[in-house]
Amino acid sequence: GLFLVYTRRGAENDHVFRHRAPLFIAQVDPDTLCVLRETERVLVPERGARLGNFGITDVKNNETWVTVAEWMQPVGIEKYGSDNTIYVAKIRWTP
53 GLFLVYTRRG
63 AENDHVFRHR
73 APLFIAQVDP
83 DTLCVLRETE
93 RVLVPERGAR
103 LGNFGITDVK
113 NNETWVTVAE
123 WMQPVGIEKY
133 GSDNTIYVAK
143 IRWTP
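Following our numbering, the numbering of the sequence shown begins with 53 at its first residue and continues without gaps.
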């Protein structure tokens, strides 16, 4: 299947610059190229910091990693729990 990793508004994340957290993943309809909202899941949680510059790596045929780090700007975002964590979200695909 086709999947998209993204950020968006409307996830109780107005305090995050440009709504860049949490990271979501959802399946995309290959015919309409629309996100299937019922498949949406939080891939990396929102803890006050931006998560905008994430990377995708195919590790194996059945495993993909999404890597991202909390960007600790502006001052004060640690009150939401962020601490400059580096995330590696491992996705294991099943046939």
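Where a beta carbon is used, it is the ideal one built from N, C-alpha and C, also for glycine.
Check, Outcome
"Exposure of Val118, with buried meaning 16 or more beta-carbon neighbours within 10 Å", "buried"
"Where the beta strand (DSSP E) through Asp81 begins and ends", "That residue, Asp81, is in no beta strand (DSSP E); it is neither H nor E in DSSP."
"Proximity below 8 Å, CB of Leu103 to CB of Val96", "yes"
"Helix, strand or coil at Phe106 according to DSSP, with G and I counted as helix", "coil"
"As assigned by DSSP and simplified to three states, the class of Glu122", "coil"
"Counterpart residues of Glu115 in DSSP-defined beta bridges", "Lys112, Arg144"
"Leu54 and Ala78 closer than 8 Å at C-beta", "no"
"Where the beta strand (DSSP E) through Phe55 begins and ends", "54-58"
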